[in-house]
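Peer 1:
Residue numbers (the numbering used here), protein chains in the order written: chain U, 585 to 760; chain C, -12 to 171.
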C-alpha cells in the first residue's frame, strides 16, 4: 500500500514538474511578469487548464464517476489568500514551482522549501486564536447548492468568460 | 534575461496537459486515499512541518500537525514534491534550460547582487507563502488549478486574493519596470 502511494506521488509530481518547467511557467521573470501585468503566458496557461478541467470534472461528476468536493468560504480564505499572494510576489513563485525550480538548479528554492514548511509550522502554533478569530463560521462552498441552480448554469458562463479573456489577452500579447 | 521561446511548450499544450493530469490525479487520489478532495502541493510542505512538530514534541494534539502528518494523504503529497524536483530537473535538462543560479537575474538587475538581501526576502516570502497557504487551505494548485475548476466558493475568493495581493506587492517591488521587454 505504501509503495503504491510513493509511486503514485512520484509519477504525479514528475509529470506536473515536467509540464511546468517545459512550458516555462516556473521562470522568475514570467511569474513577476504576470503579477506586473506584462507577461500573460501563465494567465493563458492557467485559464486553459481551469476551463478544460472544469468541464471534465463536471461531466465525470454527472456520470457518477467522481464526487466533487468544494471548499467552504470562511475568513481564512481572503486573509490567507492575501498573505499568500504577498509571499508569492516576494518569492517569485508558488509552492509547486519551488520544488520544480530546485530541479532546474535554482539554489534559493532550497531555502524556500524550509521557509514554506516553517510558515505552516507557525500556522500550527497559532491555530487556537486563528480558529476562534477566522475559522469559526463558514458558507457552503458549493455554489450550485448555494444559489439553487443546476451547476451547468455556472460552468458554461464561466467557461465562456475564461475563453473570451484568453482570446482577448492573446490578441494583444503574443507570448506563447 | 533572455527566454528562448522555441525551447518552451505553447501555453495551450501545457494547459491541456495539466488539466488532464489534474483530473486524473483527483480521480486516482479518491481511489487510493479514499477522499474526494482537491490535491495540492501545500500538504507536502505540511508533512515537513508536521515532522518538525513531532521532532520537537509536545505537539501531538495540535490539529494542524495531526492533519498534515496523517498517512497516506500527506505522504503521497510529500512524494509529489519529490517528483516535482525530478520532473523539473528532467525537463530543464531535455530543453537545455538547466543552469545553476544563486538569484534571479531580474532581481539582481533591480535590487543588486547581494545574496543575503535576496535570501532574506526568500525566507520572509516563503514563510508568508506557507502560512497563507495553510490559512486559505491551498496554494495555486489546490485553490486555483483545482479549486476554480471545481467552482469552490472558498477557492474563488482565495484565488482572487492571491492576485490582488500579488499584483500590489509586485508593483511595490518593481515600481520602475517599464515595457514588456524588461521582464524578458
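For every residue, glycine included, the Cβ atom is placed at its ideal position computed from N, Cα and C.
1) Starting from residue 131 (chain C), find everything on chain U with Cβ-Cβ shorter than 8 Å and list it in chain order.
2) Provide the residue(s) that pair with residue 88 (chain C) in DSSP beta bridges, ordered along the chain.
3) Quick test of the definition: if touching needs 3 or more C-beta pairs under 8 Å, does the stretch 597 to 608 of chain U touch the stretch 69 to 83 of chain C?
4) Contact between the stretch 125 to 138 of chain C and the stretch 23 to 37 of chain C: three or more CB pairs below 8 Å?
5) Let me know the secondary structure DSSP gives residue 148 (chain C) once reduced to three states.
6) For chain U, find out if any of its Cβ atoms is closer than 8 Å to the Cβ of residue 103 (chain C); answer yes or no.
7) Quick one: which unbroken alpha helix (DSSP H) runs of 4-plus residues sit fully inside the stretch 685 to 735 of chain U? Chain order, please.
8) Can you pull the chain U neighbours of residue 91 (chain C), defined as C-beta to C-beta under 9 Å?
9) When you compare the CB of residue 760 (chain U) with every CB in chain C, is at least one pair closer than 8 Å?
10) Which same chain residues end up closer than 8 Å to residue 663 (chain U) when comparing Cβ atoms and leaving out the 5 residues on each side of it in sequence?
11) Taking buried to mean at least 16 other C-beta atoms within 10 Å of its own C-beta, is residue 596 (chain U) buried or exposed?
12) Mind pulling the chain C residues with CB within less than 9 Å of residue 739 (chain U)?
13) Tell me whether the stretch 134 to 146 of chain C and the stretch 634 to 641 of chain U touch, counting them as touching only if at least three CB pairs, one residue from each stretch, are closer than 8 Å.
14) Give me the Cα-Cα distance between residue 685 (chain U) and residue 63 (chain C), rounded to the nearest whole angstrom.
15) Tell me whether residue 591 (chain U) is buried or exposed, calling it buried when 16 or more other Cβ atoms sit within 10 Å of its Cβ.
16) The alpha helix (DSSP H) that contains residue 26 (chain C), what's its start and end?
17) Answer yes or no: does any C-beta atom of chain U fall closer than 8 Å to that of residue 99 (chain C)?
18) Comparing the C-beta of residue 713 (chain U) with each C-beta of chain C, is any distance below 8 Å?
19) Please go through the same chain and pick out, in chain order, the residues whose beta-carbon is closer than 7 Å to the beta-carbon of residue 616 (chain U), but skip the five residues on each side of it.
20) So if DSSP puts residue 657 (chain U) in a beta bridge, which residue, or which two residues, is it bridged to?
21) Quick one, which of U:692, U:752, U:691, U:656 has its alpha-carbon nearest residue 144 (chain C)'s?
22) Can you name the residues of chain U whose CB is closer than 8 Å to the CB of residue 75 (chain C)?
Peer 2: Let me spell this out:
1) Here residue 131 (chain C) refers to the residue found at position 144 when the second chain is read from its first residue. For residue 131 (chain C), the residues of chain U that pass the 8 Å Cβ criterion are 630, 634, in the order they occur in the chain.
2) The sequence position of residue 88 (chain C) within the second chain is 101, counting from 1. Paired residues: U:690.
3) Contact between the stretch 597 to 608 of chain U and the stretch 69 to 83 of chain C is present: 3 or more CB-CB pairs across the two stretches fall below 8 Å.
4) Taking 8 Å as the limit for Cβ pairs, the verdict is that the stretch 23 to 37 of chain C does touch the stretch 125 to 138 of chain C.
5) In the second chain, residue 148 (chain C) corresponds to position 161, counting from 1. Reduced to three states, the DSSP call for residue 148 (chain C) is helix.
6) Position 116 of the second chain, counting from 1, holds the residue named residue 103 (chain C). No - not a single Cβ of chain U is within 8 Å of the one on residue 103 (chain C).
7) Fully enclosed alpha helix (DSSP H) runs of 4 or longer: 692 to 709, 711 to 718, 727 to 731.
8) Counting from one through the second chain, the residue named residue 91 (chain C) turns up at place 104. Simply 611, 612, 613, 616, 676, 690, 692.
9) Along the first chain, read from residue 1 onward, the residue named residue 760 (chain U) stands at position 176. At least one chain C Cβ lies under 8 Å of residue 760 (chain U).
10) Sequence index remark: in the first chain, residue 663 (chain U) carries index 79 (1-based). Excluding sequence neighbours, residue 663 (chain U) sits near 718.
11) As a working mapping, residue 596 (chain U) is identified with position 12 in the first chain. Looking at its Cβ environment, which holds 16 or more other Cβ atoms inside 10 Å, residue 596 (chain U) is buried.
12) Taking the first chain and counting its residues from 1, one reaches residue 739 (chain U) at position 155. Close partners of residue 739 (chain U) in chain C (Cβ separation under 9 Å): 138.
13) Note that the stretch 134 to 146 of chain C touches the stretch 634 to 641 of chain U; at least 3 beta-carbon pairs, one per stretch, sit closer than 8 Å.
14) In the first chain, residue 685 (chain U) corresponds to position 101, counting from 1. In the second chain, residue 63 (chain C) corresponds to position 76, counting from 1. Straight-line Cα distance between these residues: approximately 20 Å.
15) Start at 1 with the first residue of the first chain, and residue 591 (chain U) comes out as number 7. Residue 591 (chain U) sits exposed, since fewer than 16 C-beta atoms from the chains shown fall within 10 Å of its C-beta.
16) Mapped onto the second chain, residue 26 (chain C) falls at position 39. Where residue 26 (chain C) is concerned, there is no enclosing alpha helix (DSSP H), given that its DSSP letter is neither H nor E.
17) Walking along the second chain from the start, residue 99 (chain C) turns up at place 112. No, because no Cβ of chain U sits closer than 8 Å to the Cβ of residue 99 (chain C).
18) Taking the first chain and counting its residues from 1, the one referred to as residue 713 (chain U) is at position 129. Chain C has no Cβ within less than 8 Å of the Cβ of residue 713 (chain U).
19) On the first chain, position 32 is the one that residue 616 (chain U) refers to. The answer, listed in chain order, is 676.
20) Taking the first residue of the first chain as 1, we reach residue 657 (chain U) at position 73. DSSP, once it has assigned bridges, lists U:723 as partnering residue 657 (chain U).
21) Here the question's residue 144 (chain C) lines up with position 157 in the second chain. Taking only the C-alpha atoms, the option nearest residue 144 (chain C) is U:656.
22) In the second chain, the residue the question calls residue 75 (chain C) occupies position 88. Near residue 75 (chain C) (Cβ distances below 8 Å), the residues of chain U are 601, 602, 604, 605, 610, 683, 684, 685, 686, 687, 688.
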